[in-house]
Every structure is written in C-alpha cells, then in structure tokens.
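Quick note: the sequence shown uses our numbering, first residue 51, plus one each step. For glycine and all other residues, C-beta sits at the position ideal for the given N, C-alpha and C.
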Amino acid sequence: MAQEFSDESQQALTGFFTQRIEHEKRSQLFSSCHLIDPWIQKCAACDTPRRETTTHSLGGILLGEAMVYDPYPLCLCGTCEEEIQSLLSHQTLGIWDDFVQTNFDCPPGQQLDLPTRDRPALF
Ligand SMILES: [Zn+2]
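The following block contains the structure:
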C-alpha cells in the first residue's frame with residue numbers, strides 16, 4: 051500500500067522516521083533484551099514517557115505470536131502522530147482512509163479516542 055502514497059508523502063514519512071527516531075541508539079540499547087517494555091516506554095520520536103502522554107499508539111510486527119524486534123515495537127505519542135498526519139498529502143490521506151474503511155471494522159465513535167482524532171495513526 052505504501053507504494054500508492056504520493057512521492058511527497060513517502061519522502062515526508064522517511065524524513066520523519068530517519069530524522070526524529072534514533073534507530074541506531076534504540077537498537078544498541080534494547081536489541082539484546084528481547085523484552086517489549088523498553089522499546090515502548092517512551093515516544094520514539096520525542097522521548098516523552100508513554101505514561102505522561104495523553105494519547106499514544108503502539109506499533110509492532112508479529113510473526114504468529116513472536117515479536118519481530120528492531121526497529122519495532124515502538125510508541126508514538128499523539129502529538130508526534132499529529133505531526134506525521136500533517137506531513138501527508140491529501141492524496142495519501144485519502145488512500146489511508148480508504149484502506150482503513152475497507153479493512154477494519156471499527157466500533158461506532160471509535161475516532162473520538164484516536165490520537166489524531168479522525169484517522170488511525172500511520173507508522
Ligand atoms: Zn512524541
């Protein structure tokens with residue numbers, strides 16, 4: 051699906067994740083422990099402790115029941131998610147909205163609890 055995003059949005063996402071998240075530092079600190087908690091204790095982009103965030107999202111890659119580590123799992127606070135959403139083109143936001151509506155059966159009113167208020171986070 052990411053290939054459908056506009057070039058502008060792909061570059062913006064790549065820029066955000068390479069400039070704002072210290073992947074090498076996270077890998078050095080956490081990769082040897084294979085525990086989820088250290089990876090998600092803080093927002094990966096701004097270091098705000100997760101417990102101090104008003105809202106946050108967690109991302110990860112699972113193979114069956116096994117977590118795939120590095121660079122995931124990660125936490126992004128609602129403020130950083132809002133920043134990511136603001137970087138995306140209208141075309142990309144439309145593609146993302148269509149994907150979510152087609153593939154997820156969310157309960158009524160679920161958007162009220164989303165950090166980004168009107169769409170799930172993209173990371
Ligand atoms: Zn943040």
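When you compare only the Cα positions, how much space is there between residue i and residue j?
i, j, result
"V150", "T64", "21 Å"
"W146", "C125", "20 Å"
"C130", "C96", "7 Å"
"D35", "D148", "In the structure as shown, the chain begins at 51 and stops at 173. Residue 35 is therefore absent and cannot be evaluated."
"Q91", "F67", "18 Å"
"I134", "T104", "17 Å"
"H73", "S82", "14 Å"
"R101", "E54", "35 Å"
"E132", "E115", "30 Å"
"L79", "W89", "9 Å"
"M117", "G109", "11 Å"
"I71", "G144", "26 Å"
Please classify residue i as buried or exposed, where buried requires at least 16 neighbouring CB atoms within 10 angstroms.
i, result
"G128", "buried"
"K75", "exposed"
"F154", "exposed"
"I23", "No answer is possible for residue 23: the residues shown for the chain start at 51 and end at 173."
"S107", "buried"
"A94", "buried"
For my contact list, residue i and residue j are in at a C-beta cut-off of 8 Å; report their separation, rounded to the angstrom.
i, j, result
"L84", "Y119", "It is His, not Leu, that sits at residue 84 in the sequence shown. With 8 Å as the limit, H84 and Y119 qualify as a contact, their Cβ atoms being about 6 Å apart."
"S139", "E58", "5 Å"
Indicate whether at least one CB of chain B lies closer than 9 Å to the CB of residue i.
i, result
"Q78", "The displayed structure is made up of one protein chain only, and chain B is not part of it."
For residue i versus residue j, is the C-beta distance shorter than 9 Å?
i, j, result
"Q61", "A52", "no"
"S56", "Q141", "yes"
### Length-filtered (3 minimum) beta strand (DSSP E) runs lying within the segment 58-144
Within the segment 58-144, complete beta strand (DSSP E) segments of at least 3 residues are found at 106-109, 111-113, 116-118 and 124-127, given in chain order.
#### Entry: Around ligand 3, Cβ to any heavy atom closer than 7 Å, ordered along the chain
Within the structure as shown, ligand 3 is missing, the only ligands being ligand 1.
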